[in-house]
Amino acid sequence: MHSLLLLIAGVAFLSIVLEDVIHVNKAKTTLFFGTLSWLLIFLFPEGGMSPDLIREKLDENLLEIASLWLFLMAAMTFVAFLNHQGLIEALIYKVLPRKVGEKKLMFMVAGFAFVFSSLSDNITATLVSIALVLSLRMEARKTLRFAVMVVFAVNSGGVSLITGDVTTLMIFMADKVEIQDLLFLSLPALVSVMLLAALLARPLKGEVEIIPTERRDDRVGKVIAAIFLMTIIGTIILNVIAGIPPVLTFLFGLSIMFLIGRFYYKDDEREGLLDYIRVIEYDTLLFFLGILLLVGMLKEIGVLNSLVGVYEVMPTTAANFVMGLLSSLVDNVPLTAAMLKANIVMTPAQWLTLTYSVGVGGSLLVIGSAAGIVAMSKVEAVTFGSFARYSFFLLIAYSAGFSGSYLVGNMLH
Numbered sequence: 213m214h215s216l217l218l219l220i221a222g223v224a225f226l227s228i229v230l231e232d233v234i235h236v237n238k239a240k241t242t243l244f245f246g247t248l249s250w251l252l253i254f255l256f257p258e259g260g261m262s263p264d265l266i267r268e269k270l271d272e273n274l275l276e277i278a279s280l281w282l283f284l285m286a287a288m289t290f291v292a293f294l295n296h297q298g299l300i301e302a303l304i305y306k307v308l309p310r311k312v313g314e315k316k317l318m319f320m321v322a323g324f325a326f327v328f329s330s331l332s333d334n335i336t337a338t339l340v341s342i343a344l345v346l347s348l349r350m351e352a353r354k355t356l357r358f359a360v361m362v363v364f365a366v367n368s369g370g371v372s373l374i375t376g377d378v379t380t381l382m383i384f385m386a387d388k389v390e391i392q393d394l395l396f397l398s399l400p401a402l403v404s405v406m407l408l409a410a411l412l413a414r415p416l417k418g419e420v421e422i423i424p425t426e427r428r429d430d431r432v433g434k435v436i437a438a439i440f441l442m443t444i445i446g447t448i449i450l451n452v453i454a455g456i457p458p459v460l461t462f463l464f465g466l467s468i469m470f471l472i473g474r475f476y477y478k479d480d481e482r483e484g485l486l487d488y489i490r491v492i493e494y495d496t497l498l499f500f501l502g503i504l505l506l507v508g509m510l511k512e513i514g515v516l517n518s519l520v521g522v523y524e525v526m527p528t529t530a531a532n533f534v535m536g537l538l539s540s541l542v543d544n545v546p547l548t549a550a551m552l553k554a555n556i557v558m559t560p561a562q563w564l565t566l567t568y569s570v571g572v573g574g575s576l577l578v579i580g581s582a583a584g585i586v587a588m589s590k591v592e593a594v595t596f597g598s599f600a601r602y603s604f605f606l607l608i609a610y611s612a613g614f615s616g617s618y619l620v621g622n623m624l625h
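Position 21 (the sequence shown) corresponds to 233 in the working numbering; numbering is contiguous.
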C-alpha cells in the first residue's frame, strides 16, 4: 500500500508539472489524488489502524487545512477590496516616482516584500506584493521575473522572526535558537535577496511609467485599509502575548470590515462587501486542499520521518542544506516537526542554518511554499515550468543565504 500511495503522490506531482501539457487544472488533479489517497488508507488500513484512529488523523489534517483556508479567504477578501478601490495603486503612486528603471524597481520590490513579510505572515505579504507588481502592468515575461523575486523575498523575510514563519517559531519554541540569533539571521537573508534581485534584473533595461488612474475618493475605503493594517499588527501582537491563532484575528478583522460596509454603504448600491468573497480564486483554495491532503498522507505513512535518515549518511550542516531542498517538495512544517522529534544533536550554529534552509528552501519550486502557490494563482505567467526556469538563480541565492547563516552562526557561537 505504501508503494501505491507514493505512486499516487508522484502522479499528482507530475500533473502539476505537466499542467500546460495535459490542460487539466492543477486544483482538479491534486484534489482528486489527495482525496483518493485517504480513501485508500481507510479501505486498506495497515495492521493495528482502526477506522477511528484513521479518522482522528484525518481530522487533525483537516483542522490544519481549514485554518489555512479561512485565513487565506480572509486575507484575499481584504486584498480584493483594496485592489478594487485602487488603494494599493494609490500607495504605489505616492511612493514611487513617475518613471522608474526596471532594474531599480526590482530591488525596490524585493526590499518591500522582504520587510513586509517580516512584519506580517507570508500569505498576506505575497498577496499585497503581487498586487503591487500586477498594478504596474508590465509584459508577462517581466511580470514573471518580479513574481519569482516576490516569492523568494517573502520567504526570506519571514525566516528571521518568530512572527514571520511557522518553522522558525517551531525551532525557537523547542529552545534550539535564541531571538537575538534570529535577528542576525536577517543579514544573510537580506543579502541573498539582493543577490537574486541583481541576477533577475540583469536583462531588464526599460523604464516603467507609472500613470495614475482616476479613483473615487472613498473615505470608508481608507478606513477599511486602516483596519487591514491594524489586523496585521494585531495578529502579530495577540499571537505573541496570548497565543491567539492568526486565523481568528483575521476573521475578526474581516467581520469589522463587513459591519463597516453595512453601516456606511447602507443606502449605496455601489458596494456589497460580502460580494468580494465571491471574486476569490477558489481554485487556489482547492489546490491548497489537495496538496495538503497529499502531504498529510505522506506524513501519516511515515515518509517525512524517513527523510530525517539523511542525517545518518551526511554531515549535519550538509544535511541541513539538503533539508532545504527537500522542503521545496514537501511541506516544511511536518518536515521540521519530524526533525525536532528525532532529537538530532546540533550546535546552535547548525540549528540556525536549519532555520534558514527549511524557511527559504521552499522557494526553489513554485509548489514548495504558500507564497509560491499564491503567486501561481494570481499571476497567469507563473506556472510550474516557467518558475522552474529560474531555479538555478534561486539555488545560487539560497546557497549564498545558507552560507551566510553558517558564518553568522559560527560568529555568534
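Just so you know, even glycine gets a beta-carbon here, dropped at the ideal spot from N, CA and C.
Asked                                                                                                                            : Found
Segment contact, 8 angstroms Cβ cut-off, at least three pairs: the region 549-569 with the region 595-603                        : no
Alpha-carbon spacing of Leu-218 relative to Asn-334, whole angstroms                                                             : 29 angstroms
Simplified DSSP state of Gly-260, which is helix, strand or coil                                                                 : coil
Integer-rounded CB distance, given that Ser-540 should sit under 8 angstroms from Gly-574                                        : 5 angstroms
Rounded C-alpha distance that separates Ser-341 from Ala-325                                                                     : 6 angstroms
Glu-524 to Ile-445 span [Cα, whole Å]                                                                                            : 42 angstroms
DSSP state of Lys-417 mapped onto helix, strand, coil                                                                            : coil
Unbroken alpha helix (DSSP H) run spanning Lys-315, endpoints                                                                    : 314-331
Asp-377 burial status per 10 Å Cβ neighbour count (16 or more: buried)                                                           : buried
Straight-line Cα distance separating Leu-299 from Ala-437                                                                        : 8 angstroms
Best match in Leu-280, Ala-224, Ile-253, Ile-234 for proximity to Pro-457 [C-alpha to C-alpha]                                   : Leu-280
For Lys-388, three-class secondary structure by DSSP                                                                             : coil
Beta-carbon proximity check, Leu-498 vs Val-542, cutoff 8 angstroms                                                              : no
Cβ contact (3+ pairs, closer than 8 angstroms) linking the region 405-418 and the region 310-325                                 : yes
Counted within 10 angstroms of its Cβ, other Cβ atoms place Asp-480 as buried (16 or more) or exposed                            : With a pLDDT of 49 at Asp-480, under the threshold of 50, the modelled position of this residue cannot be trusted, and the question is left open.
Cβ pair Ser-372, Leu-394 closer than 8 angstroms                                                                                 : yes
Separation of Thr-355 from Val-291, as counted between CA atoms                                                                  : 19 angstroms
Sub-8 angstroms separation of Phe-364 and Val-405 beta-carbons                                                                   : yes
Neighbourhood of Lys-434 by C-beta distance below 6 angstroms, restricted to the same chain and skipping five residues each side : none
Residues near Trp-250 by beta carbon distance below 7 angstroms, same chain, minus five either side                              : Leu-270, Leu-505, Met-509
Bridge-paired residues (DSSP) for Lys-311                                                                                        : Glu-421
Boundaries (first-last residue) of the alpha helix (DSSP H) holding Ser-617                                                      : 603-624
Selection from Tyr-618, Thr-528, His-214 that minimises the alpha carbon distance to Asn-555                                     : Thr-528
Reduced DSSP category for Arg-482 - H, G, I as helix; E, B as strand; rest coil                                                  : Only weak support exists for where Arg-482 lies, its pLDDT of 44 falling under 50; the coordinates are left without a value.
Separation of Met-551 from Val-557, as counted between CA atoms                                                                  : 10 angstroms
Neighbourhood of Ala-612 by C-beta distance below 8 angstroms, restricted to the same chain and skipping five residues each side : Pro-400, Val-403, Ser-404, Leu-407
Pick from Met-288, Val-522, Met-526, Leu-317 that is closest to Phe-440, judged by C-alpha positions                             : Met-288
Through-space distance from Ile-234 to Gly-369, alpha-carbon basis                                                               : 35 angstroms
Under the three-state DSSP convention, the category His-235 falls into                                                           : coil
6 angstroms Cβ shell around Gly-246 - same chain, five flanking residues per side excluded                                       : Gly-502, Leu-505, Leu-506
Candidates Val-432, Phe-462, Glu-421: closest to Leu-282 by CA position                                                          : Phe-462
Residue environment, Val-452, which counts as buried when at least 16 other CB atoms sit within 10 Å                             : exposed
Endpoints, alpha helix (DSSP H) assigned at Ile-449                                                                              : 431-454
Outcome for Arg-482 when other beta-carbon atoms lying within 10 angstroms are tallied against a minimum of 16                   : For Arg-482, the predicted model reports a pLDDT of 44, less than 50, meaning its position is unreliable; a value from the coordinates is still stated below. By the neighbour-count rule (16 or more Cβ atoms within 10 Å), Arg-482 is not buried but exposed.
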